[in-house]
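Data first, discussion second: the structure below is written as structure tokens.
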Amino acid sequence: SAVISQKPSRDICQRGTSLTIQCQVDSQVTMMFWYRQQPGQSLTLIATANQGSEATYESGFVIDKFPISRPNLTFSTLTVSNMSPEDSSIYLCSGPGQGDIQYFGAGTRLSVL
Amino acid sequence: GENVEQHPSTLSVQEGDSAVIKCTYSDSASNYFPWYKQELGKRPQLIIDIRSNVGEKKDQRIAVTLNKTAKHFSLHITETQPEDSAVYFCAASMNNDMRFGAGTRLTVKP
Chain A
10 SAVISQKPSR
20 DICQRGTSLT
30 IQCQVDSQVT
40 MMFWYRQQPG
50 QSLTLIATAN
60 QGSEATYESG
70 FVIDKFPISR
80 PNLTFSTLTV
90 SNMSPEDSSI
100 YLCSGPGQGD
110 IQYFGAGTRL
120 SVL
Chain B
840 GENVEQHPST
850 LSVQEGDSAV
860 IKCTYSDSAS
870 NYFPWYKQEL
880 GKRPQLIIDI
890 RSNVGEKKDQ
900 RIAVTLNKTA
910 KHFSLHITET
920 QPEDSAVYFC
930 AASMNNDMRF
940 GAGTRLTVKP
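Set out below in structure tokens:
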């Protein structure tokens with residue numbers, strides 16, 4: 010199984026600031042994924058991060074708000090920009106293991122005041 | 840795009856009883872169907888999965904069935920235990936593009 014390390018595990022941020030979340034995979038993977046999970050809700054895909062190209066964003070998510078970096082095959086970052094209380098959520102990254110299996114990071118619990 | 844519907848949203852069973860959670864998907868091209876268990880404050884953990892060329896798969900007390908024609912798949916947990924209490928998510932995927940159902944909160948009462 011793949012090991013996904015994500016940090017920070019939680020943060021409390023002020024409105025208008027930005028937070029960058031980091032995700033490290035213990036093996037080289039072509040695609041990594043970023044999800045948002047609001048309290049008591051399901052996982053919503055934000056974007057797919059491909060190494061060497063721009064991320065592909067899902068409907069309702071834009072690059073200016075959620076810029077993503079993918080500098081190599083084991084690492085990705087998601088930035089939540091110009092935060093508002095509505096951005097309070099859990100953010101999770103995932104990466105594929107063997108075949109189609111997806112493994113998740115532990116998540117970042119973000120609270121925006 | 841793919842749309843996954845999951846029912847029920849909550850399920851309460853007595854310890855030792857069986858639990859069944861059902862999902863439907865919309866995109867016939869989806870070919871991989873995992874089930875994740877998420878305990879409070881923790882990451883989703885894969886518990887079982889099935890691919891489109893298989894109709895049923897079992898792992899101890901957990902089984903998954905897939906009906907490709909009807910585009911639905913189900914999770915079956917037998918002899919439930921209190922530690923099975925969690926939120927369960929189904930998903931449908933193709934080429935690693937994975938979409939999740941809304942989740943089912945399972946409570947197993949001792």
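Line by line, the protein sequences give chains A and B. Heads up, the first sequence stops at 122 in our numbering, and the numbers go up one at a time, no gaps. Heads up, the second sequence stops at 949 in our numbering, and the numbers go up one at a time, no gaps. Cβ atoms here follow ideal geometry from the backbone N, Cα and C, with glycine treated the same way. Predicted, not measured: the structure shown is a model, and the values here were computed from it.
Item                                                                                                            : Value
Cross-chain neighbours of S817 of chain B in chain A, by beta carbon under 9 Å                                  : Residue 817 of chain B falls outside the range modelled here, since chain B spans only 840 to 949, and no answer is possible.
Uninterrupted alpha helix (DSSP H) stretches inside the region 26 to 98 of chain A (no shorter than 4 residues) : none
CB contact below 9 Å: A868 of chain B versus chain A                                                            : no
Distance cut-off 8 Å: F70 of chain A Cβ against heavy atoms of the ligand ATP                                   : What this structure holds is no ligand at all, so the ligand ATP is not there to describe.
Own chain residues within Cβ distance below 6 Å of S85 of chain A, not counting five before or after            : C32, M41, A58, R79
Close Cβ partners of T946 of chain B (< 6 Å) along its chain, the five nearest in sequence each way excluded    : S851, S924
Straight-line Cα distance separating I72 of chain A from Q111 of chain A                                        : 23 Å
CB-CB length for K907 of chain B against S891 of chain B, believed under 8 Å                                    : 6 Å
Cβ pair count under 8 Å reaching 3, the region 923 to 937 of chain B against the region 850 to 864 of chain B   : yes
Exposure label - N934 of chain B; buried when at least 16 CB within 10 Å                                        : exposed
Backbone CA spacing between L122 of chain A and E918 of chain B [nearest angstrom]                              : 44 Å
Contacting residues, own chain, Cβ-Cβ under 6 Å from T29 of chain A (five flanking each side not counted)       : T86, T88
Closer than 7 Å at the beta carbon, the chain B residues around I48 of chain A                                  : Strictly speaking, residue 48 of chain A in this sequence is Pro, with Ile absent from that position. Within chain B, no residue comes near P48 of chain A; the closest Cβ sits about 11 Å away, beyond 7 Å.
Delimiting residues of the beta strand (DSSP E) encompassing Q111 of chain A                                    : 111 to 113
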